[in-house]
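Worksheet for the structure shown next.
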Amino acid sequence: MSNYDFSEEKQDEIETVAQEIHQLIFQPKLSNPIKTLDVPIVGNLSSSDKLELILEFINIVNNISTDNQLGEDSTGEQTIELLNQCKKVAQRINSSDPSSLGLHPLVYFYTQQGKPKIGSFYGVVSLILHLQETKFWSKLIKVRKDFEWVIWNYDMVPQLVAKKSDALQARELVRDFYLEVINKLSGGIDKKNVITEIRSGDKRFATLKIPKKADTGEIQSKEFSRETKASAFIREALPGWPVCKICGEYLPSRFNSIDHITRKADGGLGTLKNAQLTHPYCNTTYKN
Ligand SMILES: [Zn+2]
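Numbered according to my numbering, the sequence shown terminates at residue 290, and the numbering increases by one at each position without gaps.
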């Protein structure tokens with residue numbers, strides 16, 4: 003940033019937004035093996051990989067395909083705008099902002115063995131951008147419970163990433179896969195048949211294999227591996243986890259919203275009896 007002559011105020015603003023994005027994506031620190039469901043959206047990256055991910059994130063969100071596309075940003079205004087767009091997407095994933103869908107990081111961004119999946123991060127970001135553009139939030143919300151069941155139980159992201167050999171390159175394929183799941187569920191297909199339907203309906207997905215419980219690649223030894231410890235924790239902890247009282251899907255560990263069961267407008271009080279936990283998005287009429 004030394005080539006630029008941003009005012010101190012702009013520099014501070016850039017730093018603040020960058021820190022907010024960093025916190026939303028990389029906090030809290032991931033324990034290995036996983037011992038809590040409070041996991042970061044993106045886990046286990048070196049500082050240089052984190053920086054690379056943030057830069058890619060900025061490029062995807064702002065639709066920047068080459069380094070030269072950006073003009074000189076002499077005032078810092080443009081940098082702030084690019085970062086703010088990223089913050090909006092990160093807030094949408096999981097934050098205390100009213101727009102937050104409160105996507106449970108574990109369900110969306112980890113394997114059942116507790117391994118972080120960068121391919122899901124890029125895929126979900128692409129999905130959010132698509133839903134933002136097409137104003138299709140309601141379509142996801144309506145089938146959200148089954149959608150999360152499918153992406154958790156039939157985790158196809160590793161296969162989709164392998165097809166493109168790179169998490170970043172696979173993002174549109176992952177997004178399209180998610181959209182197909184949403185479309186099939188919206189069309190009334192049972193969650194257990196969604197993958198079969200997608201395979202036969204779209205050539206790009208024809209070779210996807212439904213992972214069998216047996217082939218988790220578990221090493222047969224007397225000691226528990228980290229993966230086995232993580233899998234055991236997740237298997238026990240996730241099913242009993244609190245769900246949103248409005249949409250029925252898992253609540254993330256942080257940033258949940260307290261909703262009036264009987265609305266204030268209808269005379270509802272701020273009592274424990276009238277309180278329920280929900281995702282921020284589900285508790286608001288914030289739909290844009
Ligand atoms: Zn909800």
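Glycine included, every Cβ here is placed at the ideal spot set by N, Cα and C. Quick caveat: nothing in here was measured; it's all calculated off a predicted structure.
Proximity below 8 Å, CB of residue i to CB of residue j
{"i": "V159", "j": "G121", "result": "yes"}
{"i": "L103", "j": "Y283", "result": "yes"}
{"i": "R173", "j": "G116", "result": "no"}
{"i": "D99", "j": "R256", "result": "no"}
{"i": "L187", "j": "D157", "result": "no"}
{"i": "I27", "j": "I43", "result": "yes"}
{"i": "F59", "j": "V127", "result": "yes"}
{"i": "H106", "j": "P254", "result": "yes"}
{"i": "V152", "j": "V109", "result": "no"}
{"i": "C249", "j": "L279", "result": "no"}
{"i": "K231", "j": "P35", "result": "yes"}
{"i": "T81", "j": "I16", "result": "yes"}
{"i": "V19", "j": "N65", "result": "no"}
{"i": "K165", "j": "L175", "result": "yes"}
{"i": "L210", "j": "Q161", "result": "yes"}
{"i": "L53", "j": "G45", "result": "no"}
{"i": "D268", "j": "N285", "result": "no"}
Option nearest residue i by Cα separation, candidates the options
{"i": "D14", "options": "T77, P42, N34", "result": "T77"}
{"i": "K90", "options": "N61, I23, F138, K147", "result": "I23"}
{"i": "F179", "options": "G203, G190, I36", "result": "G203"}
{"i": "A277", "options": "I263, N285, A267, D268", "result": "I263"}
{"i": "A169", "options": "K194, L210, K119, K211", "result": "K119"}
{"i": "F207", "options": "P213, T198, K214", "result": "T198"}
{"i": "C88", "options": "N61, S67, N185, D192", "result": "N61"}
{"i": "S67", "options": "F123, G45, Q171, E83", "result": "Q171"}
{"i": "W154", "options": "S9, S233, I260", "result": "S233"}
{"i": "E79", "options": "E10, L47, S140, K141", "result": "E10"}
{"i": "N185", "options": "R265, Q222, R146, T38", "result": "R146"}
{"i": "S189", "options": "K214, R201, K144, E150", "result": "According to the sequence displayed, residue 189 carries Gly and not Ser. Comparing Cα-Cα distances from G189 to each of K214, R201, K144, E150, the minimum goes to K144."}
{"i": "F123", "options": "S101, V63, E229, L142", "result": "V63"}
{"i": "K12", "options": "I212, S227, E83", "result": "E83"}
{"i": "R177", "options": "L142, I191, S48", "result": "L142"}
{"i": "F8", "options": "R201, E74, S101", "result": "E74"}
{"i": "H281", "options": "F111, S101, E150", "result": "S101"}
{"i": "E150", "options": "W139, S167, K193", "result": "K193"}
{"i": "I212", "options": "R201, K205, I221", "result": "R201"}
{"i": "R1", "options": "K37, S49, Q21", "result": "An answer regarding residue 1 cannot be provided, because it is not within the stretch 3 to 290 covered by the chain."}
heavy atom of ligand 2 below 7 Å from residue i C-beta
{"i": "L85", "result": "For ligand 2, the structure offers nothing, since it holds only ligand 1."}
task: Using the beta-carbon of each residue, find all residues closer than 5 Å to any heavy atom of ligand 1 and list them in chain order.
output: Qualifying residues, in the order they occur: C246, I248, C249, H281, C284.
task: Count the C-beta pairs between the segment 127 to 138 and the segment 83 to 103 that are closer than 8 Å, then say yes if the count reaches three, no if not.
output: For the pair of segments examined, the segment 127 to 138 was found to touch the segment 83 to 103: the number of CB pairs separated by less than 8 Å reaches three.
query: Does the pairing of the segment 268 to 282 with the segment 227 to 240 give three or more beta-carbon distances under 8 Å?
result: At 8 Å Cβ cutoff, the stretches do not touch.
- request: Please go through the segment 164 to 206 and give each complete alpha helix (DSSP H) segment of 4 or more residues, from N-terminal end onward.
  value: Taking only runs of at least 4 residues, the alpha helix (DSSP H) segments lying wholly in the segment 164 to 206 are 173 to 188, 196 to 203.
Ranges of the alpha helix (DSSP H) found wholly within the segment 221 to 245, counting only runs of at least 4: If one requires a minimum length of 4 residues, the alpha helix (DSSP H) runs lying completely within the segment 221 to 245 are 228 to 239, in chain order.
- request: Note down, one range per segment and in chain order, each alpha helix (DSSP H) of at least 4 residues found wholly within the segment 86 to 128.
  value: The qualifying runs are 107 to 111.
message: I'd like the ranges of any alpha helix (DSSP H) spanning at least 4 consecutive residues and lying wholly in the segment 49 to 80.
response: Those alpha helix (DSSP H) runs which fall completely within the segment 49 to 80 and span 4+ residues are 49 to 63.
Sequence ranges, beta strand (DSSP E) only - wholly within the segment 9 to 51, length at least 3: With a minimum length of 3 residues, no continuous beta strand (DSSP E) run stays inside the segment 9 to 51.
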